[in-house]
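Trainee: Dropping the structure in here first, questions after.
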Amino acid sequence: MAAPLNLEEGQSSTRPPRFNGHFYSWWKVRMHNYLMAEDSELWDIVLDGPFVPTIEENDGEKTNLVPKPKQKYDEADRKKIEKGFKAKNLLVCGIGPNEYNRVSACESAKEIWDCLKTTHEGTEQVKESKIDILTSRYENFKMKEGETIHDMFTKLSSITNELRSLGEPISMTKQVRKVLQILPKSWESKVDAITEAKDLKVLTMDALIGNLKTHEMNRNYNLSKKEDKKDKSLMLKYKSDEDSTGHFIRECPLLKNENKEHQKPRSDKENRRDLVLGKRDRKAAADLVVKKALAAWGDSSSYSEDPDEPKDVSMVAVHEEETVFNEILTENKVKLEEKMSRMVSLESNNSELKNQLNQITEEAEWNVNGLQAEIQEKLKNSEKKLGLSLEKSNKLEQDIVKLKE
Numbered sequence: 064m065a066a067p068l069n070l071e072e073g074q075s076s077t078r079p080p081r082f083n084g085h086f087y088s089w090w091k092v093r094m095h096n097y098l099m100a101e102d103s104e105l106w107d108i109v110l111d112g113p114f115v116p117t118i119e120e121n122d123g124e125k126t127n128l129v130p131k132p133k134q135k136y137d138e139a140d141r142k143k144i145e146k147g148f149k150a151k152n153l154l155v156c157g158i159g160p161n162e163y164n165r166v167s168a169c170e171s172a173k174e175i176w177d178c179l180k181t182t183h184e185g186t187e188q189v190k191e192s193k194i195d196i197l198t199s200r201y202e203n204f205k206m207k208e209g210e211t212i213h214d215m216f217t218k219l220s221s222i223t224n225e226l227r228s229l230g231e232p233i234s235m236t237k238q239v240r241k242v243l244q245i246l247p248k249s250w251e252s253k254v255d256a257i258t259e260a261k262d263l264k265v266l267t268m269d270a271l272i273g274n275l276k277t278h279e280m281n282r283n284y285n286l287s288k289k290e291d292k293k294d295k296s297l298m299l300k301y302k303s304d305e306d307s308t309g310h311f312i313r314e315c316p317l318l319k320n321e322n323k324e325h326q327k328p329r330s331d332k333e334n335r336r337d338l339v340l341g342k343r344d345r346k347a348a349a350d351l352v353v354k355k356a357l358a359a360w361g362d363s364s365s366y367s368e369d370p371d372e373p374k375d376v377s378m379v380a381v382h383e384e385e386t387v388f389n390e391i392l393t394e395n396k397v398k399l400e401e402k403m404s405r406m407v408s409l410e411s412n413n414s415e416l417k418n419q420l421n422q423i424t425e426e427a428e429w430n431v432n433g434l435q436a437e438i439q440e441k442l443k444n445s446e447k448k449l450g451l452s453l454e455k456s457n458k459l460e461q462d463i464v465k466l467k468e
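Just so we're on the same page, the numbering used here is the position in the sequence shown counted from 1, plus 63.
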């Protein structure tokens, strides 16, 4: 059963639900519940009509019931009449100005209710056409791959509730079997398990949906764990490759590919500058060359190894730059996860808007079909009346001819 996108009256329990010309089935159920909560006799007045006080009048041997004059009303009569006007007032307060123009000539709550029902549900022929359309949608309904159980059940419930409001309810057992039939192929194992373990004749829809949602949560959790393990293995592999080769941050291929579009073309002077070592690196390289030369000549007394001497400066720089690179990579990963979460939320909002747009489109199609059927009926009635008037005119002409003769 379709519901409006926004609720104007704010779901107040002291004010009647407002009807603005759309979603009549939704408003009809709420108005029935509101009148029953106020006074059950009000709903009886809407269905059966207002109370008319009567008295017995003897006409010879027969006794007839005639309307009682207002001067003879007692207290009980006045209270019953007041309830009729209260029911009418509640219905009028629950409709907008456009709908009031339709029912402004109605004198009782029953006339208002019947007028709105005929306008928005149509005659019996229109009602049957709506039932056929909804039945066809119910039979062809399928759950899409990747769709959640919640979204699937919401769409299916909208169809079944609409059919019930039109007087064609579907039994709970058929709905349970329908849900098991429309699940995708990836759910075949779960469907077989439920069919074997549960008695479908006594299984309720709430229990079935709860079972399917639990299975869906567990399956999504297992998939997320597998993806995390895959990401960790890729990171370990990347780190092992990086440790085996080793490079400076400015020479990292990942950063080069990522910032390639934002980098300016380097001049020849800058490229030559990158080839020149710094002062500290040049000194360490010179000391290393001297050591190797003295070791080859056998004169190592003047340059003995110092246990506190630092290791190769270039390797220390590599490890320092590797730490900075890992921090940058972690920060980029966090930003990427935030963007992905925003994208998922936008996709969910987009799917909800699409569902609401489809519901509005379907409601408009039903109203168009109902109006077409109603117009056809009116055309048929006008044709009949026109035929009768033509026959009467022909008879009158014949009578005039006879009188002239």
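Quick reminder that beta carbons are idealized off the backbone N, C-alpha and C, glycines included.
Taking Pro232 as part of the alpha helix (DSSP H), name the residues at either end of that continuous run.
Mentor: Walking along the sequence shown from the start, residue 232 turns up at place 169. That residue, Pro232, is in no alpha helix (DSSP H); it is neither H nor E in DSSP.
Trainee: Ser404: buried (16+ other C-beta within 10 angstroms of its C-beta) or exposed?
Mentor: For the purposes of this step, residue 404 is taken as residue 341 along the sequence shown, with counting starting at 1. Ser404 is classed as exposed because its beta carbon has fewer than 16 other beta carbons within 10 Å across all chains shown.
Trainee: By the DSSP assignment, the beta strand (DSSP E) with Lys125 in it spans what residues?
Mentor: Here residue 125 is taken as the residue at index 62 of the sequence shown, counted from 1. Element bounds for Lys125: 125-130.
Trainee: What does the Cβ neighbour count give for Ile463, buried or exposed, with the cut at 16 atoms within 10 Å?
Mentor: Mapped onto the sequence shown, residue 463 falls at position 400. Looking at its Cβ environment, which holds fewer than 16 other Cβ atoms inside 10 Å, Ile463 is exposed.
Trainee: Going by DSSP in three states, Lys264 sits in which element: helix, strand or coil?
Mentor: Reading the sequence shown from its first residue, position 201 is the one you call residue 264. Note: Lys264 maps to coil in three-state DSSP.
Trainee: Just the C-alpha distance for Lys253 and Leu420, rounded to the nearest angstrom, thanks.
Mentor: Residue 253 sits at position 190 when you count from the first residue of the sequence shown. Residue 420 sits at position 357 when you count from the first residue of the sequence shown. Answer to the nearest angstrom: the Cα atoms are 32 Å apart.
Trainee: Apart from the five residues just before and just after Asp362, which ones in its own chain have a Cβ nearer than 8 Å to its Cβ?
Mentor: Against the sequence shown, residue 362 aligns to sequence position 299. Per-residue confidence for Asp362 stands at a pLDDT of 47, beneath the threshold of 50, marking its modelled position as unreliable; the derived number appears in the next sentence. Nothing meets the Cβ criterion.
Trainee: What separation, rounded to the nearest whole angstrom, lies between the Cα atoms of Pro232 and Asn224?
Mentor: Along the sequence shown, read from residue 1 onward, the residue named residue 232 stands at position 169. Along the sequence shown, read from residue 1 onward, the residue named residue 224 stands at position 161. Spanning the two alpha carbons is a distance of roughly 8 Å.
Trainee: Give the DSSP-derived three-state secondary structure of Thr117 in the structure shown.
Mentor: Against the sequence shown, residue 117 aligns to sequence position 54. In the structure shown, Thr117 falls within a strand segment according to DSSP collapsed to helix, strand and coil.
Trainee: Tell me the rounded alpha-carbon separation between Arg78 and Ser171.
Mentor: Counting from one through the sequence shown, the residue named residue 78 turns up at place 15. Counting from one through the sequence shown, the residue named residue 171 turns up at place 108. Pairing Arg78 with Ser171, the inter-Cα distance amounts to about 20 Å.
Trainee: With DSSP collapsed to three states, give me the class of Asp122.
Mentor: As a working mapping, residue 122 is identified with position 59 in the sequence shown. Reduced to three states, the DSSP call for Asp122 is strand.
Trainee: Tell me the rounded alpha-carbon separation between Glu101 and Arg81.
Mentor: Along the sequence shown, one-based indexing puts residue 101 at 38. Along the sequence shown, one-based indexing puts residue 81 at 18. Between Glu101 and Arg81, the C-alpha separation is close to 16 Å.
Trainee: Going by Cα to Cα distance, which pick from Val242, Thr211, Glu119 is closest to Ser414?
Mentor: Translated into the one-based positions of the sequence shown, residue 414 becomes position 351. Per the C-alpha coordinates, the member of Val242, Thr211, Glu119 positioned closest to Ser414 is Thr211.
Trainee: Check this for me: beta carbons of Ser192 and Ala436, under 8 Å apart or not?
Mentor: Start at 1 with the first residue of the sequence shown, and residue 192 comes out as number 129. Start at 1 with the first residue of the sequence shown, and residue 436 comes out as number 373. Note that the C-beta distance between Ser192 and Ala436 is below 8 Å.
Trainee: Thinking just about the alpha-carbon of each residue, which of Thr277, Pro113, Leu229 is nearest to the one in Glu187?
Mentor: By one-based count along the sequence shown, residue 187 stands at place 124. The residue with the shortest Cα to Cα distance from Glu187 is Leu229.
Trainee: Just to confirm the assignment, what range does the alpha helix (DSSP H) spanning Lys91 have?
Mentor: The residue labelled residue 91 in the question sits at position 28 within the sequence shown. Lys91 -> alpha helix (DSSP H) spans 87-101.
Trainee: Under 8 Å by Cβ, that's how I've got Lys190 and Val109 pegged, so tell me the actual separation to the nearest angstrom.
Mentor: Here residue 190 is taken as the residue at index 127 of the sequence shown, counted from 1. Here residue 109 is taken as the residue at index 46 of the sequence shown, counted from 1. Not confirmed; about 19 Å, so no contact.
Trainee: Closer than 6 Å by C-beta to Val166: which residues in its own chain qualify, once you throw out the five before and the five after it? Chain order, please.
Mentor: Counting from 1 along the sequence shown, the entry for residue 166 is found at position 103. Cβ within range, chain order: Ile175, Cys178.
Trainee: Would the stretch 255-263 and the stretch 231-247 be scored as touching if the rule is three or more Cβ pairs under 8 Å?
Mentor: yes
Trainee: When burial is assigned at 16 or more other CB atoms within 10 Å of the CB, is Ala270 buried or exposed?
Mentor: Position 207 of the sequence shown, counted from the start, is the residue given in the question as residue 270. It is exposed - the Cβ of Ala270 has fewer than 16 other Cβ atoms within 10 Å.
Trainee: Give the range of the alpha helix (DSSP H) segment to which Tyr201 is assigned.
Mentor: Counted from its first residue, the sequence shown places residue 201 at position 138. Tyr201 -> alpha helix (DSSP H) spans 187-202.
Trainee: Going by DSSP, what residue range makes up the alpha helix (DSSP H) through Glu208?
Mentor: In the sequence shown, the residue the question calls residue 208 occupies position 145. Run containing Glu208: none; DSSP gives neither H nor E here.
Trainee: Leaving out the 5 sequence neighbours to the left and right, which residues in its chain are closer than 7 Å to Gly84 when beta-carbon positions are compared?
Mentor: In the sequence shown, the residue the question calls residue 84 occupies position 21. If we look at Gly84 and ignore the five residues flanking it on each side, its Cβ neighbours are Gly159, Asn161, Glu162.
Trainee: In angstroms with no decimal places, state the Cα-to-Cα distance between Thr126 and Gln134.
Mentor: Here the question's residue 126 lines up with position 63 in the sequence shown. Here the question's residue 134 lines up with position 71 in the sequence shown. Using only the alpha carbons, I get a separation of about 21 Å.
Trainee: Met99 and Trp90 look like a contact to me (Cβ under 8 Å); what is the Cβ gap, rounded to whole Å?
Mentor: Numbered from 1 along the sequence shown, position 36 holds the residue referred to as residue 99. Numbered from 1 along the sequence shown, position 27 holds the residue referred to as residue 90. In fact, because the Cβ distance is near 15 Å, the residues do not count as touching under 8 Å.
Trainee: Which residue comes first and which comes last in the alpha helix (DSSP H) that contains Asp177?
Mentor: On the sequence shown, position 114 is the one that residue 177 refers to. From DSSP, the alpha helix (DSSP H) with Asp177 extends over 172-184.
Trainee: Quick one: residues in its chain with C-beta nearer than 7 Å to the C-beta of Glu119, no 5 flanking neighbours on either side, listed in chain order?
Mentor: What you label residue 119 is simply residue 56 of the sequence shown in a count that begins at 1. Answer for Glu119: Thr126, Leu128, listed in chain order.
Trainee: Pick from Lys288, Pro247, Cys156, Arg93: whose alpha carbon is nearest that of Leu275?
Mentor: Within the sequence shown, residue 275 is the residue found at index 212, counting from 1. When each option's Cα is compared against that of Leu275, the closest is Pro247.
Trainee: Which residue's Cα is closest to the Cα of Tyr87: Glu394, Asn281, Glu460, Ala427?
Mentor: Counted from its first residue, the sequence shown places residue 87 at position 24. Considering only alpha carbons, the answer is Ala427.
Trainee: Take Ile438 as the anchor and find which of Thr182, Lys458, Gly123, Asn281 has the nearest alpha-carbon.
Mentor: Residue 438 sits at position 375 when you count from the first residue of the sequence shown. Ranking the options by Cα distance to Ile438, first place goes to Thr182.
Trainee: For Phe114, tell me which candidate among Tyr136, Asp140, Val265 has the shortest Cα-Cα distance.
Mentor: Taking the sequence shown and counting its residues from 1, one reaches residue 114 at position 51. Here the closest residue by C-alpha is Asp140.
Trainee: How would you call Gly273, buried or exposed, if buried means at least 16 neighbouring beta carbons within 10 angstroms?
Mentor: Within the sequence shown, the letter at position 210 stands for residue 273. Answer is exposed; the Cβ neighbour count stays below 16.
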